[in-house]
Amino acid sequence: MALTAGEQKEVRALILAMIDRGCVESQVEKAWRLAVDQLEKLKAATAKQAAVAK
C-alpha cells in the first residue's frame, strides 16, 4: 500500500527530527524503513477490520 500525503509528512517529520538530533545515515535509513513498514501494516490491519465489519 502506498502512503498518503499525511503519512508521508509524518515520516518526513520523524526523519528530520532524527537528523536534527545528529543521528547517522544508517540510523535514519533504518528508522525510515521501520516507520513505513509499520504504517503499511497498520493500514492493512485497519482495512481488514473494516472489511470484516461490513
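Take 4 as the starting number for the sequence shown in our numbering and just add one per residue. Ideal placement from N, C-alpha and C gives every residue a C-beta, glycine not left out.
When DSSP states are grouped into helix, strand and coil, Ala-8 belongs to the helix group. Contact between the region 39 to 53 and the region 16 to 29 is not established, with fewer than three Cβ pairs separated by less than 8 Å. Residue state for Arg-24 is assigned as coil, using DSSP reduced to three classes.
Between Leu-19 and Ala-34, the C-beta gap is not smaller than 8 Å, which leaves the two residues out of contact. If you draw a straight line from the Cα of Thr-7 to the Cα of Ala-56, it is about 23 Å long.
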